Amino acid sequence: MKTALCLLVAALSLTAQPPKLLVNAQVDTRSAAAGLDAAFKAAVAAQPQPAWIAYSVPSVRVFIGCDYVRDGWNQPGVIHLEPPDHAVILFRVDRGTVERIRTLSPDCEIDAGNIPVRWLNDVKPAESVALLNGFATLRESYQDGAMHAISLHADPAADQALQRFLAVDQPESVRLRVVSWLSPSRGRNSFDILKNLAANDPNERVRERAISTLSSSKDEAAVDLIISYAEKDPNARMRAAAVGALNRHSGAKVLNAFKYVIDNDPDSNTRRRAISGLHQMPDGEGIPLLIQLAKTTKDNEVRKQTMSLLGQSHDGRAQAFFEEVLKK
């Protein structure tokens, strides 16, 4: 028991520290256990010169970028095969005000440029969301950075904050960004929000974005939902958006959905998207159906598009098809 307790204390003290890859920084560590808002305001007021205030919070498991781009060329960095379970939130302050908000992976090498970094330990995730939400309402200066940081929090408070920015009275540009950040990796609540937006939102662009975001889910329920929009939505624009989202997936049900749309949809743009979707399916899965269409369709536009896509393919089956055509 004593050994287990010692290991737990050691683990907690380790996760409370600044990232190991934080370099060229004058680090000052403080606790926010008594409340993040007060600790943050004190840290801002204490920095008359340029400085960074930073802390980490548990995050949804998505890949968070690193700045491995210098002088226009990609430089080698640490490559992690699994996304981190924490995110580092950073605020650049100068002369007592916040100038910029950034979010990075704790696996990034973070070069502070030899300026002070006030690292806050013991940050409660809900308090972090509340702090960032205050900046997110100041659209002109902070919204993108603050809202993106909120979207990475693995805390129910983040879902509630994001939903407020989805209200129909919010600017369309804000709503579209929030929909993109409602990654299915956030869990069932995000899936339900996206499902509702895709089905019921009065804004067509928001519906399209919700369908596109759903397509990043590997859940079969998401695939079934997108197929239902592709085949049955009364709005041609939504059917086309759903067809465009399907090419990220594979399997018999996706192939059947593309075939159904090509054979039955009255909108030519939606049919063209379905044919392109066949060409874009992983591992050439749609090539046999493209060949079948090229051989059997009586629609000249469908035949023209399928022949063009097969001609662009390096798939051996497509090449064999053209050899057969040329022999006739």
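Everything in the sequence shown is counted per the working numbering, starting at 2 for the first residue and increasing by one.
Each residue gets a CB set at the ideal place from its N, CA and C atoms; glycine is no exception.
Keep in mind it's a predicted model, so treat the numbers as computed, not measured.
TODO: Please report how far the alpha carbon of G312 lies from the alpha carbon of K305, in whole angstroms.
DONE: Position 311 of the sequence shown, counted from the start, is the residue given in the question as residue 312. Position 304 of the sequence shown, counted from the start, is the residue given in the question as residue 305. Annotation: G312 to K305 spans about 11 Å, alpha carbon to alpha carbon.
TODO: Have a look at the DSSP bridge pairing and note the partners of L256.
DONE: Sequence index remark: in the sequence shown, residue 256 carries index 255 (1-based). DSSP lists no partner for L256.
- [ ] Ignore the nearest five residues each way along the sequence and tell me which others in K254's own chain have a CB closer than 8 Å to its CB.
- [x] For the purposes of this step, residue 254 is identified with residue 253 of the sequence shown, where counting begins at 1. Hits under 8 Å: V224, D225 and I228.
Task: Close beta carbons around L133, own chain, < 7 Å, minus the five adjacent residues each side - done: Here residue 133 corresponds to residue number 132 of the sequence shown, with the count starting at 1. Residues A147, A150 and I151 of the same chain have their beta carbon placed closer than 7 Å to that of L133, with the five preceding and five following residues left out of the count.
- [ ] With a 10 Å radius around its C-beta and 16 neighbouring C-beta atoms as the bar for buried, classify V24 as buried or exposed.
- [x] As a working mapping, residue 24 is identified with position 23 in the sequence shown. With fewer than 16 Cβ atoms within 10 Å of its Cβ, V24 is classed as exposed.
Task: Classification of R165 by the beta-carbon crowding that lies within 10 angstroms, buried from 16 upward - done: Residue numbering aside, residue 165 sits at position 164 when the sequence shown is read from its first letter. Exposed, since its Cβ has fewer than 16 Cβ neighbours within 10 Å.
TODO: Taking A131 as part of the alpha helix (DSSP H), name the residues at either end of that continuous run.
DONE: Position 130 of the sequence shown holds residue 131. For A131, the enclosing alpha helix (DSSP H) covers residues P126 to A137.
Task: Local Cβ density within 10 Å of G287, reported as buried at 16 or more and exposed below that - done: Counted from its first residue, the sequence shown places residue 287 at position 286. Burial call: buried.
Open item on the list: So, with DSSP's three-state summary, where would you put I54?
Closed with: Here residue 54 corresponds to residue number 53 of the sequence shown, with the count starting at 1. Looking at I54 - three-state DSSP - the assignment turns out to be strand.
Open item on the list: I need the boundaries of the beta strand (DSSP E) containing F92, first residue and last residue.
Closed with: Here residue 92 corresponds to residue number 91 of the sequence shown, with the count starting at 1. H87 to D95 is the extent of the beta strand (DSSP E) around F92.
- [ ] Return helix, strand or coil for V63, following the three-state DSSP convention.
- [x] Here residue 63 refers to the residue found at position 62 of the sequence shown. Here V63 sits in coil by DSSP.
Task: Reference N301; option with closest CA among P283, V58 and I263 - done: As a first step, residue 301 must be located in the sequence shown, where it is residue number 300. The shortest C-alpha separation from N301 is found at I263.
Open item on the list: Would A155 and V58 be called neighbours here (beta carbons separated by less than 9 Å)?
Closed with: Start at 1 with the first residue of the sequence shown, and residue 155 comes out as number 154. Start at 1 with the first residue of the sequence shown, and residue 58 comes out as number 57. Yes, the pair counts as a contact, with Cβ atoms nearer than the cut-off.
Open item on the list: With three or more beta-carbon pairs closer than 8 Å as the criterion, would you say the stretch 183 to 195 touches the stretch 91 to 98?
Closed with: no
TODO: Leaving out five residues on either side along the sequence, give the residues of the same chain with a beta carbon under 8 Å from the beta carbon of A40.
DONE: Locating residue 40 in the sequence shown gives position 39, counting from the first residue. The answer, listed in chain order, is R31, S32, A33 and L121.
- [ ] Leaving out five residues on either side along the sequence, give the residues of the same chain with a beta carbon under 8 Å from the beta carbon of D123.
- [x] Indexing the sequence shown from 1 puts residue 123 at position 122. Counting only Cβ-Cβ distances below 8 Å, and skipping sequence neighbours, we find A17, S32, A33 and A34.
Open item on the list: Going by the DSSP bridge assignment, what does Q27 pair with across the sheet?
Closed with: Here residue 27 is taken as the residue at index 26 of the sequence shown, counted from 1. DSSP output for Q27 lists P117 as bridge partner(s).
Task: Sequence-distant residues of the same chain with beta carbon closer than 8 Å to Q27, five excluded per side - done: Translated into positions along the sequence shown, residue 27 becomes position 26. Counting only Cβ-Cβ distances below 8 Å, and skipping sequence neighbours, we find A113, N115, I116, P117 and V118.
- [ ] Please name the residue in D220, R240, A222 and V303 whose C-alpha comes closest to that of R210.
- [x] Residue numbering aside, residue 210 sits at position 209 when the sequence shown is read from its first letter. Looking at the Cα atoms, R240 is the closest of the given residues.
Open item on the list: My output table needs one value for E325: the three-state DSSP class, helix, strand or coil.
Closed with: Position 324 of the sequence shown holds residue 325. Here E325 sits in helix by DSSP.
Open item on the list: Rounding to the nearest angstrom, what Cα-Cα distance links L256 and S106 in this structure?
Closed with: Residue 256 sits at position 255 when you count from the first residue of the sequence shown. Residue 106 sits at position 105 when you count from the first residue of the sequence shown. Approximately 37 Å, taken between the alpha carbons.
Open item on the list: Please classify S309 as buried or exposed, where buried requires at least 16 neighbouring CB atoms within 10 angstroms.
Closed with: Here residue 309 refers to the residue found at position 308 of the sequence shown. Exposed, because fewer than 16 other Cβ atoms sit within 10 Å of the Cβ of S309.
- [ ] Buried or exposed for L252, please, with buried defined as at least 16 other CB atoms from any protein chain shown within 10 angstroms of its CB.
- [x] Here residue 252 refers to the residue found at position 251 of the sequence shown. The question names Leu, but residue 252 is Gly in the sequence shown. It is exposed - the Cβ of G252 has fewer than 16 other Cβ atoms within 10 Å.
Task: With 16 other Cβ atoms within 10 Å as the buried cut-off, status of G245 - done: Numbered from 1 along the sequence shown, position 244 holds the residue referred to as residue 245. Label assigned to G245: buried.
- [ ] Out of R62, A52, Q320 and V179, state which residue places its alpha-carbon closest to the alpha-carbon of E83.
- [x] In the sequence shown, counting from the first residue as 1, residue 83 sits at position 82. Nearest of R62, A52, Q320 and V179 to E83, Cα basis: R62.
- [ ] Give the straight-line distance between the Cα atoms of W182 and F136, rounded to the nearest whole angstrom.
- [x] Residue numbering aside, residue 182 sits at position 181 when the sequence shown is read from its first letter. Residue numbering aside, residue 136 sits at position 135 when the sequence shown is read from its first letter. W182 and F136: Cα-Cα distance of roughly 17 Å.
Task: Distance, P283 Cα to P157 Cα - done: The sequence position of residue 157 within the sequence shown is 156, counting from 1. The sequence position of residue 283 within the sequence shown is 282, counting from 1. Cα to Cα, P157 sits roughly 35 Å from P283.
Open item on the list: Checking 9 Å against the spacing of the C-beta atoms, do T104 and L153 come in under that value?
Closed with: Within the sequence shown, the letter at position 103 stands for residue 104. Within the sequence shown, the letter at position 152 stands for residue 153. Yes, the pair counts as a contact, with Cβ atoms nearer than the cut-off.
Open item on the list: Can you find the residues in the same chain that come closer than 7 Å, C-beta to C-beta, to R96, ignoring five residues on each side of it along the sequence?
Closed with: To locate residue 96, count along the sequence shown from 1; it is residue 95. So the list reads P49, once near-sequence residues are dropped.
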